[in-house]
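Okay, so here's the structure we're looking at.
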Amino acid sequence: GGPSSAGGGFAGSEGCFSPSGGPTSPLDSLYHKMLSSPSRKLSPSEVRRASEERQARAEKARQAMAEEKLARLAQANQSRQTVKSMMEEKAGAMAARVDSKIARSAELRQAHLAERVQKAVEETKKVAEVAFINQMLEKDKKLALQEKLEEGETRRRQALEALQQRGKGAAAAVEEAQERRKMLEAERREQLFDRQRRKMAAQVKLEE
1 GGPSSAGGGF
11 AGSEGCFSPS
21 GGPTSPLDSL
31 YHKMLSSPSR
41 KLSPSEVRRA
51 SEERQARAEK
61 ARQAMAEEKL
71 ARLAQANQSR
81 QTVKSMMEEK
91 AGAMAARVDS
101 KIARSAELRQ
111 AHLAERVQKA
121 VEETKKVAEV
131 AFINQMLEKD
141 KKLALQEKLE
151 EGETRRRQAL
161 EALQQRGKGA
171 AAAVEEAQER
181 RKMLEAERRE
191 QLFDRQRRKM
201 AAQVKLEE
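For the sequence shown, counting from 1, position 34 maps to 34 in full-length UniProt numbering; every step adds exactly one.
In structure tokens, the structure reads:
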């Protein structure tokens with residue numbers, strides 16, 4: 001047969017179906033005709049066209065598979081990026097919470113330390129005030145005791161001076177009494193001597 005019969009064969013194959021039940025391609029129809037008519041000879045153009053169609057279908061299938069693979073890879077990569085982003089976000093939020101807790105803990109420690117320092121300062125002030133008050137009280141006691149000692153010493157000195165004055169007065173009185181006794185004794189001896197002298201003078205006159 002010539003090219004016209006071959007062309008009619010392709011045209012009549014448009015309604016053929018593959019064994020799986022789907023519509024057949026021109027290449028399948030060609031193979032079907034070759035199988036159904038073993039004695040038919042294909043022209044070089046038909047063989048070339050059939051080969052080109054087969055290569056085109058194979059290339060299209062490869063491209064479809066490659067695109068599907070790329071789509072799956074892109075989807076997987078997107079999923080990984082999404083998961084990574086979510087994990088990074090969670091990690092950042094957790095780090096922020098940890099930093100906040102650390103800062104809060106540091107603030108609380110600082111506040112507690114400041115409170116303890118203030119309390120220690122107040123206690124030190126109280127201790128200093130108590131020590132100062134005790135020191136002043138002790139000083140007052142010492143001053144009061146010193147004043148009492150000085151007053152006692154003054155009274156003792158005054159009493160001693162009074163005793164000394166009284167002693168001086170008594171000694172002067174004794175001395176004065178002694179002087180008076182001496183004077184009286186001298187007068188008495190003088191009178192006695194005078195009486196003896198007059199008596200002797202009278203006796204001498206009598207003897208004459």
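Every residue, glycine too, gets a C-beta built ideally from N, C-alpha and C.
- Message: Tell me the rounded alpha-carbon separation between residue 194 and residue 201.
- Response: Against the sequence shown, residue 194 aligns to sequence position 194. Against the sequence shown, residue 201 aligns to sequence position 201. Near 10 Å, if we compare the C-alpha coordinates of residue 201 and residue 194.
**Item:** Which of helix, strand or coil DSSP assigns to residue 42
**Value:** For the purposes of this step, residue 42 is identified with residue 42 of the sequence shown, where counting begins at 1. In this structure, residue 42 counts as coil in the three-state DSSP scheme.
Using the C-alpha atoms, what's the distance from residue 75 back to residue 87?
Counting from one through the sequence shown, the residue named residue 87 turns up at place 87. Counting from one through the sequence shown, the residue named residue 75 turns up at place 75. C-alpha separation (whole angstroms): 18 Å.
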